[in-house]
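A.B. asks: Here it is, the structure, as structure tokens.
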Amino acid sequence: MLKGYWSIPMEDSSKHLTAFRTHRGQYQWNVLPFGLRNAAATYQRAMSKVVQTISDFACRHSPDKERIKAIQNLQAPTTKKQLRSALGLCNFYRQYIPNIAKIALPLTELTIKKVPNEIPWSKEAENAFKELKTALCGITELQVPDRETVLLAYGCFSDGGRMLSRSIGWRRQHSSHSFWEPETEPKPTKVVNN
């Protein structure tokens with residue numbers, strides 16, 4: 001979300017409470033500024049209302065059977081280039097694989113300069129490769145959110161989007177949407193003294 005607090009308009013009756021004075025005059029905010037005592041609570045209330053309106057987060061996606069079959073049929077790499085490609089695939093899904101760095105360590109060590117381009121495949125490397133393939137095939141699909149789990153809302157400050165996430169053991173599930181078009185930075189209104 002782009003400049004979240006600034007997307008919440010101030011009530012006309014409260015604008016005078018945000019007034020401040022500079023050498024150029026007196027100003028007041030038209031939108032919720034940072035630093036007000038209840039700004040965080042107001043922002044949280046607004047985000048809670050937004051999250052309640054997300055209905056398509058509760059959709060169910062079935063696992064991609066072709067992806068699973070391709071991973072299961074993946075052959076052990078024989079060169080550093082093939083190994084780096086396989087590690088890149090695993091790294092793409094790293095947030096869904098617990099302890100991926102520890103599991104992939106025997107494979108990562110085969111990519112250093114001292115190891116020849118035609119990598120010497122050991123039993124330890126084979127076990128790590130099989131464990132990573134099993135973990136990749138076991139990545140679960142999105143499910144209907146459990147009302148008992150904690151839902152986390154993240155704001156994206158670059159494109160006016162939002163993401164809803166929930167923790168499920170060591171995994172996280174995500175759903176992202178766009179709120180509105182990003183606005184330009186709001187400016188306080190100058191107060192004209194009578």
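Residue 100 in full-length UniProt numbering is what sits at position 100 of the sequence shown, and the numbering runs on without skipping anything.
For every residue, glycine included, the Cβ atom is placed at its ideal position computed from N, Cα and C.
(1) Use the C-beta contact count for N73: other C-beta atoms within 10 angstroms, 16 or more gives buried, fewer gives exposed.
(2) Mind checking which residues open and close the beta strand (DSSP E) that includes G25?
(3) Using the three-state DSSP reduction, which class does P9 fall into: helix, strand or coil?
(4) Could you check whether L83 and L105 sit closer than 8 angstroms to each other, using their CB atoms as the reference points?
(5) Under a three-way DSSP split, which group does V31 fall into?
(6) Please name the residue, chosen from Y5, S48, I68 and K49, that lies closest to R37 on a Cα-to-Cα basis.
(7) Which same chain residues end up closer than 7 angstroms to F34 when comparing Cβ atoms and leaving out the 5 residues on each side of it in sequence?
(8) By the DSSP assignment, the beta strand (DSSP E) with T134 in it spans what residues?
(9) Do you know offhand how far I68's Cα is from L89's?
(10) Return the chain-ordered list of same chain residues with a C-beta closer than 7 angstroms to the C-beta of E124, the five sequence neighbours on each side being excluded.
(11) Answer with yes or no whether the minimum CB distance from E66 to chain D is below 8 angstroms.
(12) Identify every residue that forms a DSSP beta bridge with T79.
(13) Would you kindly report the start and end of the unbroken alpha helix (DSSP H) that includes T108?
(14) Rounded to whole angstroms, what's the CA-CA distance from M10 to A40? Just pull it up for me.
(15) Under 8 angstroms Cβ to Cβ from I112, same chain only, skipping five residues before and after it: list those, please.
(16) What is the rounded straight-line gap between the Cα of Y96 and the Cα of T134?
(17) Going by CA-CA distance only, name the one from F129, E66 and L17 that's closest to N30.
(18) Quick check on P77: buried or exposed, where buried means 16 or more other Cβ atoms within 10 Å of its Cβ?
(19) Over the uninterrupted beta strand (DSSP E) stretch that includes T22, give me the two end residues.
C.D. replies: Based on what the coordinates show:
(1) Around the beta carbon of N73, a 10 Å sphere encloses fewer than 16 other beta carbons of the protein chains shown; the residue is thus reported as exposed.
(2) Looking at the DSSP string, the run of the beta strand (DSSP E) that includes G25 is G25 to Q28.
(3) Per DSSP, reduced to three states, the secondary structure at P9 is strand.
(4) No, the pair does not count as a contact, with Cβ atoms beyond the cut-off.
(5) In this structure, V31 counts as strand in the three-state DSSP scheme.
(6) With distances taken between Cα atoms, R37 lies closest to Y5.
(7) So the list reads Y5, once near-sequence residues are dropped.
(8) Here T134 belongs to no beta strand (DSSP E); instead the alpha helix (DSSP H) covers K123 to C137.
(9) If you take the alpha carbons of I68 and L89, they lie about 13 angstroms apart.
(10) So the list reads P106, once near-sequence residues are dropped.
(11) The chain labelled as chain D is not found in the depicted structure, where only one protein chain is given.
(12) Answer is E118, bridged to T79.
(13) Annotation for T108: the continuous alpha helix (DSSP H) segment containing it runs I100 to T108.
(14) Roughly 14 angstroms separates the two Cα atoms.
(15) Result list for I112: empty, nothing under 8 angstroms.
(16) Looking at the backbone, the Cα of Y96 and that of T134 are separated by about 12 angstroms.
(17) Of the candidates F129, E66 and L17, the residue whose Cα lies closest to the Cα of N30 is L17.
(18) Using a 10 angstroms sphere on the CB of P77, the tally of other CB atoms reaches 16 or more, which defines it as buried.
(19) For T22, the uninterrupted beta strand (DSSP E) run begins and ends at F20 to T22, by DSSP.
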